[in-house]
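**Student:** The structure under discussion is supplied below as structure tokens; questions concerning it will follow.
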Amino acid sequence: MNRLKHLSSSLFRSVTSAMAKAETAAAPVWIPPPKIEDLYAATTGNNFSSINAPTAGARKQQPLPKGSADFQLYSLATPNGWKVGILLEELGIDYDAHVINIGKGEQFNSGFVGANPNSKIPAAIDFAGPGGKPLALMEGGAILMHLCEKYPEKGFLPSDPRLRSQCLQWLFWQVGGQGPMTGNFGHFMVYAPANQVDARNYGVARYGMEVQRLCDVLERHLAGYGDFCGNDGLRPEGPRKFLVGEQYSVADIACLPWVLTIKGKGYDRPNQPRAQDFLGMDRYPNLNAWADRLTQRIQVQRGMRVCSGAGKPWLEDGHPLNEKSLSKGPSKL
Numbered sequence: 397m398n399r400l401k402h403l404s405s406s407l408f409r410s411v412t413s414a415m416a417k418a419e420t421a422a423a424p425v426w427i428p429p430p431k432i433e434d435l436y437a438a439t440t441g442n443n444f445s446s447i448n449a450p451t452a453g454a455r456k457q458q459p460l461p462k463g464s465a466d467f468q469l470y471s472l473a474t475p476n477g478w479k480v481g482i483l484l485e486e487l488g489i490d491y492d493a494h495v496i497n498i499g500k501g502e503q504f505n506s507g508f509v510g511a512n513p514n515s516k517i518p519a520a521i522d523f524a525g526p527g528g529k530p531l532a533l534m535e536g537g538a539i540l541m542h543l544c545e546k547y548p549e550k551g552f553l554p555s556d557p558r559l560r561s562q563c564l565q566w567l568f569w570q571v572g573g574q575g576p577m578t579g580n581f582g583h584f585m586v587y588a589p590a591n592q593v594d595a596r597n598y599g600v601a602r603y604g605m606e607v608q609r610l611c612d613v614l615e616r617h618l619a620g621y622g623d624f625c626g627n628d629g630l631r632p633e634g635p636r637k638f639l640v641g642e643q644y645s646v647a648d649i650a651c652l653p654w655v656l657t658i659k660g661k662g663y664d665r666p667n668q669p670r671a672q673d674f675l676g677m678d679r680y681p682n683l684n685a686w687a688d689r690l691t692q693r694i695q696v697q698r699g700m701r702v703c704s705g706a707g708k709p710w711l712e713d714g715h716p717l718n719e720k721s722l723s724k725g726p727s728k729l
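When we follow the numbering used here, the leftmost residue of the sequence shown carries the number 397, and every step to the right adds one.
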């Protein structure tokens, strides 16, 4: 009987292996066409297919609006836009904010291209730039650096060389990793064509896993691991309140928005699990506590609403972040 069972088991494994090999042999293998242009049609159905193109430059002649302040921001209330809006509110400087509707392709208007040849929000023009001349600014990280260096007394970029280096490392980590990878996850999770099932499964798995790893990088750092001296163990002081030197800095401002996008509703859609549940965000207690702590700041709340419908929507009477509303009690958002 045992011999019979062994033979049956062996036969089952042989048949299963043969079937798997046959399926693998029959599975189609991707071979790129001669030119990438042959694949453009495959992007049809994604939320931005109507404005996607392989070329740069202006598509329409339209100047940028300009207010009375020296600093003019051209943006939209997205994670990339939030970080600049938050810093501007934290700095407390005079600035004008103008909504750029990327869904309508306003980032390809000639005025915006003049400020940012890459046609991505945010962009800005500092009309009191070096030498008293206007300075156009592109890339959110570069705008943050410009503002921090222009207003060193505000302390958002530490003056201590060691802390400054740590702060810049986190800033570069955000613009080079956290932002692009989380954005890629979001594209496949909610924006890619609905009928591209295999592509979406692959993209969500590939970038979703990387988002989890990046969240764990923040989680471990905030939990107290590492000391920027080459040691990876827990530091004696324990968990960190902020990313750099127990000091609220531009590093926190830069890294917060994409975490809030996952924790909030940015990638939530009907008939799909919530992004925070899908990625298991409850496994990062220190990261969640850090994010919740920062979002209690009125400047953060306002910064996230810069260029949301209006440049500064809280200036309207009745808005929960309007000064009159705040004077009546804590903001409920």
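Heads up, the beta-carbon is just placed ideally off N, CA and C, and yes, glycines get one too.
Which of helix, strand or coil does DSSP assign to Val495?
**Tutor:** strand
**Student:** In chain order, what are the residue ranges of uninterrupted beta strand (DSSP E) at least 3 long that sit wholly in the region 426–504?
**Tutor:** 467–471, 491–495
**Student:** For Asp492 versus Ala524, is the C-beta spacing smaller than 8 Å?
**Tutor:** Not a contact, by the Cβ cut-off of 8 Å.
**Student:** Apart from the five residues just before and just after Leu400, which ones in its own chain have a Cβ nearer than 6 Å to its Cβ?
**Tutor:** Summary for Leu400: the model assigns pLDDT 47, below 50, so the residue's position carries little reliability; its value from the coordinates is reported in the next sentence. So the list is empty, once near-sequence residues are dropped.
**Student:** Is the beta carbon of Phe508 sitting closer than 8 Å to the one on Ile496?
**Tutor:** Using a Cβ distance threshold of 8 Å, Phe508 and Ile496 count as a contacting pair.
**Student:** Taking a contact to mean a Cβ-Cβ separation below 8 Å, would you say Ser446 touches Ile517 in this structure?
**Tutor:** no
**Student:** Out of Pro459, Lys431, Gly463, which has the shortest C-alpha to C-alpha gap to Gly450?
**Tutor:** Looking at the sequence provided, one finds Pro at residue 450 rather than Gly. When only C-alpha atoms are compared, the closest one is Lys431.
**Student:** What's the C-alpha gap between Met605 and Asp612?
**Tutor:** 11 Å
**Student:** What does a CB cutoff of less than 8 Å around Glu642 pick up in its chain, not counting 5 residues either side in sequence?
**Tutor:** Arg636
**Student:** Out of Pro653, Leu553, Gln574, Arg596, which one is the CA nearest neighbour of Asn442?
**Tutor:** Measuring from the Cα of Asn442, the nearest candidate turns out to be Arg596.
**Student:** Looking at the secondary structure, which residues open and close the alpha helix (DSSP H) in which Ile649 lies?
**Tutor:** Per DSSP, Ile649 belongs to the alpha helix (DSSP H) from 646–659.
**Student:** Please state the DSSP three-state secondary structure of Leu403.
**Tutor:** Because Leu403 sits at a pLDDT of 48, beneath the cut-off of 50, its placement in the model cannot be relied upon, and the following sentence gives the value as read from the coordinates. Here Leu403 sits in helix by DSSP.
**Student:** According to the neighbour-count rule (16 or more other Cβ atoms, all chains shown, within 10 Å of its Cβ), is Pro557 buried or exposed?
**Tutor:** So Pro557 ends up on the exposed side.
**Student:** Which residues in the same chain as Lys546 place their Cβ atom closer than 8 Å to its Cβ, once the five residues preceding and following it in sequence are excluded?
**Tutor:** Asp522
**Student:** Kindly indicate which residue of Asn514, Gly676, Thr578 has the alpha-carbon position closest to the one of Asn448.
**Tutor:** Asn514
**Student:** Give me the Cα-Cα distance between Pro475 and Gly662, rounded to the nearest whole angstrom.
**Tutor:** 9 Å
**Student:** In the DSSP assignment, find the unbroken beta strand (DSSP E) run with Leu717 in it and report its ends.
**Tutor:** No beta strand (DSSP E) holds Leu717; DSSP gives it neither H nor E.
**Student:** For the alpha helix (DSSP H) holding Arg521, just list the boundary residues, first then last.
**Tutor:** Contrary to the premise, residue 521 reads as Ile rather than Arg in this sequence. Ile521 -> not in any alpha helix (DSSP H); beta strand (DSSP E) instead, spanning 519–522.
**Student:** Just to confirm, is the Cβ distance from Leu618 to Asn682 under 8 Å?
**Tutor:** Closer than 8 Å, so yes.
**Student:** Measuring CB atoms only, is the region 652–660 touching the region 587–596, in the sense that at least three cross pairs come out at less than 8 Å?
**Tutor:** no
**Student:** Hey, would you say Ala473 sits closer than 8 Å to Ser704, going by beta carbons?
**Tutor:** yes
**Student:** Do you know offhand how far Tyr735's Cα is from Cys544's?
**Tutor:** Past the boundaries of the shown model lies residue 735; the chain is included only from 397 to 729, so the question cannot be answered.
**Student:** Rounded to a whole number of angstroms, what is the C-alpha to C-alpha distance between Leu531 and Arg631?
**Tutor:** 42 Å
**Student:** So, are the CB atoms of Glu731 and Arg698 less than 8 Å apart?
**Tutor:** Nothing about residue 731 can be read from this structure; the chain reaches only from 397 to 729.
**Student:** So His494 packs on Gly707, CB below 8 Å; how close in whole Å?
**Tutor:** 6 Å
**Student:** Relative to the C-alpha of Gly626, which candidate in Trp686, Gln562, Asn684, Gln692 has its C-alpha closest?
**Tutor:** Gln562
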